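Asks:
2 protein chains.
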Amino acid sequence: MPRMSSGPTLKGLAAIIGISPTAVSMALNGRPGVSDELRARVRAIAAEQGYRPNFAARALRVERSNMLGLISRNLSNPGYLRLIDGFSGAAEERGYQVLVGTSDLDQARETNMIRAMTNRQLDGLAIAPIDGKAVLATWQDESDRPLVLVNSARSARSSGAMSIRGNASQAVRSAVDHLLELGHSRIALLTNPGLSSASERVSLFRRMMKAQGLTSRVISGGTADETVERVVRALSGDDRPTAVMTDSDLLAHYVYEAAIETGLRIPHDLSVVGHDDLPTSRLLGPALTTIALDRFEIGRQAATMLIGALNGDEIDRPHRELPVELKVRQSTAPPAG
Amino acid sequence: MPRMSSGPTLKGLAAIIGISPTAVSMALNGRPGVSDELRARVRAIAAEQGYRPNFAARALRVERSNMLGLISRNLSNPGYLRLIDGFSGAAEERGYQVLVGTSDLDQARETNMIRAMTNRQLDGLAIAPIDGKAVLATWQDESDRPLVLVNSARSARSSGAMSIRGNASQAVRSAVDHLLELGHSRIALLTNPGLSSASERVSLFRRMMKAQGLTSRVISGGTADETVERVVRALSGDDRPTAVMTDSDLLAHYVYEAAIETGLRIPHDLSVVGHDDLPTSRLLGPALTTIALDRFEIGRQAATMLIGALNGDEIDRPHRELPVELKVRQSTAPPAG
DNA sequence: ACGCTCAACTTCAACGTTACAGTTGGCACG
DNA sequence: CGTGCCAACTGTAACGTTGAAGTTGAGCGT
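Chains as they are written, first to last, in our numbering: chain C, 45 to 381; chain A, 45 to 381.
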């Protein structure tokens, strides 16, 4: 029932001005082939008539939609808002619009999302993949447009796509080093399950701990409630960890909740290290020690890389790792006793 | 240079099967006019050939894009992530995709965003407007599709659009009542400037304070840094407020930062009441007393209302106010002295 | 056997845009 | 004064889809 109030079209404008639609198109799109004088006249009349180009028609014709897609793993982690913010800001600056979606950590949904987006003649896609390689396969099956993998495992790097992420090894290393220096020996890592990027971090963590002759403990997150519950359980044993490092500040928040539930005091009974540095993290009680990662910048650069590739530019470093920085605050301390 | 790997089109499929494109279209879209047998055959061959419908072409033809727009005021407030999450979840369930944008609290950008979205044959728009009336004017100028105003001022209600928001008067009332009961008399309200919905809250706040014979103080936020600075200044006078209530948890966070800067302890020297109840708010130090508002649900319902209207349904309550709930935690206490 | 109806298709045109291949006319040049 | 050239346009067709208006032929009642 609801229809667009049908404003004038290129053809309509052409009729009014008395020239061909092609000329109007060229005039409005700033392409050569029309005199400056006519161009000005066309612009004036277009504005006066309230002409609005029809993007669907344009997309059909030129096989470009001027839309970029952004698919995140979930939409509960505030870190993704930073990503969206950076991405959409950069995209809008260059005249692109942003289609968002989330896989919700579900492979099938991720594939569907990608398909749905390619149906729309999406010009490029940035995705924080569940499994980078699977995404690569799906995308290249569907489209030969630029793709940026965000925060994916190193193993998913390929010449077919670009990638950008925080420096994962630096992140794990600085967290572990910090905790070791404080004197911790029973350290647990809380990660999101099922992510190929997570397993990369896990193995790095295991290797570092082994090098110290220490055993490593890994806790897999799930839904919010599940995660808290699992952390509670992990913190209950006799040889419970004295420190937990996490893959995100959000996960660190769950540790805080678990600490409240178990009555452990942070940092006296338990040290916590996050990863992100959300704006709220320094305001937590106690302020969270975390590995700062500029997700806004990741979003920005992802969009910029996509648009660059669309313009045919040679992309500077197609596989980027942004530096991370340990912010020591109040949630870490030497282990008690 | 990058082009879609041109899969088969309706016409191509039709040629392969030996029937007309129209029949293929009817078969795939589940419309009557084809036998069950042919429908099955078409579906099988479409799948086998990897057929992907071209949404741009469809949009051009039917003047529907199957996209919904969501424009927020900014993308730094984590509350908007909840909104996006609820909105996109409901939209995806019904086969719609979501175009996001932000006005960044800039009128011109907001208007541009709306125009850019209508150019795309957007089917419906949910927007947290800077000025609801202005949005209404722009939108109705461009399109007669459904519009939902999110968190807009009551004054922007009109028959031309739907709306959904938290119960603003209940929110202001319960915050003020809570602080009055604790014994506060110098209460400040920290709001976002320039929002018509904010001025509605301000006037309600002023009225309530006046009814108590108390003077009211309003602090206008700005950028993050500006806001902290203004709060610091507001907290410096001799007759400084003993309590600050805010329009969002994000603003409450700024008050926390200002408190750190000025050395005031919460809640001993200063009580703080937020508005949102972000997941992190109960983990702050001290845990934030706040007015809980389910932004996820607002997003969900906004999308549902839009899609309902698109289906021609009679919308149940086109102007909705969700209840809010005061969560008393540790950031409020009786004033010292 | 005749007309009638209806399901199952086909044909045609159009949505708004732009690429490409013309066409025109003015002007410089030998 | 023709010839060639170029700027400034025009005309046509096509992108993939679908609505509307046909066309067919099988089945049915009389």
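In this text, a Cβ means the ideal position worked out from N, Cα and C, and glycines have one as well.
This structure is a prediction, so every number in the text was calculated from the model and none was measured.
Under 8 Å, do Thr162(A) and Glu186(A) count as touching if we go by C-beta distance?
Replies: For Thr162(A) and Glu186(A), yes; Cβs fall inside 8 Å.
Asks: What separation, rounded to the nearest whole angstrom, lies between the Cα atoms of Val372(C) and Asn195(A)?
Replies: 38 Å
Asks: First and last residue of the beta strand (DSSP E) that includes His363(A)?
Replies: His363 to Leu366
Asks: Kindly give me the distance between the Cβ atoms of Arg138(A) and Asp167(A), rounded to whole angstroms, as I take these residues to be in contact under 8 Å.
Replies: Not really, about 11 Å apart at Cβ, beyond 8 Å.
Asks: What is the residue span of the beta strand (DSSP E) that Ile263(C) lies within?
Replies: Unbroken beta strand (DSSP E) run through Ile263(C): Arg261 to Ser264.
Asks: Exposed or buried, Pro379(A), counting other C-beta atoms within 10 Å across all chains shown (16 or more means buried)?
Replies: buried
Asks: Who are Leu72(C)'s beta bridge partners in DSSP?
Replies: DSSP output for Leu72(C) lists no bridge partner at all.
Asks: What does DSSP give as the partner residue(s) for Gly113(A) in the beta ladder?
Replies: Leu143(A) and Leu169(A)
Asks: Please confirm whether any heavy atom of the ligand PLP lies closer than 7 Å to the CB of His312(A).
Replies: Although the ligand PLP was asked about, the structure shown includes no ligands whatsoever.
Asks: Mind checking which residues open and close the alpha helix (DSSP H) that includes Leu350(C)?
Replies: Arg339 to Leu354
Asks: With Gly318(A) as the anchor, note down where its beta strand (DSSP E) starts and where it stops.
Replies: Ser315 to Asp320
Asks: In three-state DSSP terms, what is Thr290(C)?
Replies: strand
Asks: Quick one: which chain A residues come within Cβ less than 9 Å of Gln165(C)?
Replies: Counting only Cβ-Cβ distances below 9 Å, Gln165(C) has contacts in chain A at Met48, Asn98, Phe99 and Ala100, in chain order.
Asks: Spell out a yes or no on whether the segment 89-102 of chain A and the segment 50-69 of chain A are touching, meaning 3 or more CB-CB pairs, one atom from each, closer than 8 Å.
Replies: The segment 50-69 of chain A and the segment 89-102 of chain A touch, with three or more beta-carbon pairs separated by less than 8 Å.
Asks: Let me check one thing: in DSSP terms, what residues is Leu191(A) bridge-paired to?
Replies: Leu169(A)
Asks: Looking only at DSSP bridge pairs, what is Gly210(C) linked to?
Replies: DSSP lists Leu366(C) as the beta-bridge partner residues of Gly210(C).
Asks: Look up Gly257(A) in the DSSP assignment and say whether it is helix, strand or coil.
Replies: coil
Asks: Using a Cβ-Cβ distance under 8 Å, would Gly266(A) count as near chain C?
Replies: no
Asks: Out of curiosity, what's the CA-to-CA distance linking Ser375(C) and Asp357(A)?
Replies: 53 Å
Asks: Is the CB of Asp173(C) under 8 Å away from at least one CB in chain A?
Replies: This sequence places Pro at residue 173(C); Asp is not what is there. Output row for Pro173(C): interface = no.
Asks: Quick one: what does DSSP say Thr182(C) is sitting in, helix, strand or coil?
Replies: In this structure, Thr182(C) counts as helix in the three-state DSSP scheme.
Asks: Compile a chain-ordered list of the residues in the segment 132-153 of chain C whose CB is closer than 9 Å to at least one CB of chain A.
Replies: Ser132, Gly133, Glu136, Gly139, Gln141, Val142, Leu143, Val144, Gly145, Thr146, Asp148 and Arg153
Asks: Classify Thr348(C): buried if its beta carbon has 16 or more other beta carbons within 10 angstroms, exposed otherwise.
Replies: buried
Asks: Of all the options Glu305(A), Asp269(A) and Gly265(A), which has the alpha carbon lying nearest to the alpha carbon of Ser280(A)?
Replies: Nearest to Ser280(A) by alpha-carbon distance, out of Glu305(A), Asp269(A) and Gly265(A), is Glu305(A).
Asks: Assuming Ala302(C) and Val276(C) are in contact, meaning their beta carbons sit under 8 Å apart, how far apart are those beta carbons, in whole angstroms?
Replies: Beta-carbon to beta-carbon, Ala302(C) and Val276(C) are separated by about 5 Å, close enough to satisfy the 8 Å threshold.
Asks: On the criterion of 16 or more Cβ atoms from any shown chain inside 10 Å, does Leu106(C) qualify as buried, or is it exposed?
Replies: Note that residue 106(C) is Val in the sequence shown here, rather than Leu. By the 10 Å Cβ count, Val106(C) comes out exposed.
Asks: Apart from the five residues on each side of it in sequence, which residues of its chain come closer than 7 Å, Cβ to Cβ, to Ile128(A)?
Replies: Only residues of its own chain outside the window of five on either side were considered, and among them Leu114, Val144 and Gly343 have a CB closer than 7 Å to the CB of Ile128(A), listed in chain order.
Asks: Taking CB distances under 8 Å as the criterion, tell me whether Ser109(C) reaches chain A.
Replies: yes
Asks: Would you report the Cα separation of Met45(A) and Gly204(C), rounded to the nearest angstrom?
Replies: Unreliable placement is indicated for Met45(A), whose pLDDT of 34 sits below 50; no coordinate value is reported for it.
Asks: Considering Cα atoms alone, identify which of Gln184(A), Leu332(A), Ala232(A) and His222(A) is closest to Gly51(C).
Replies: For Gly51(C), the nearest C-alpha among the options comes from Gln184(A).
Asks: Taking the alpha-carbon positions, what's the His363(C) to Ala212(C) distance?
Replies: 13 Å
Asks: Taking the alpha-carbon positions, what's the Ser116(A) to Ala172(A) distance?
Replies: Between Ser116(A) and Ala172(A), the C-alpha separation is close to 5 Å.
Asks: Going by beta carbon distance, what residues of the same chain come within less than 6 Å of Leu224(C), once the five residues before and after it are set aside?
Replies: none
Asks: Within 10 Å of its beta-carbon, does Gly62(C) have 16 or more other beta-carbons around it, so buried, or fewer, so exposed?
Replies: exposed
Asks: Can you name, in chain order, every residue of its own chain whose Cβ lies under 8 Å from the Cβ of Arg47(C), other than the five neighbours on each side?
Replies: Here Arg47(C) scores only 38 on pLDDT, less than 50, and its place in the model is too uncertain to base an answer on.
Asks: Residue range of the alpha helix (DSSP H) that Thr162(A) falls in?
Replies: Gln151 to Asn163
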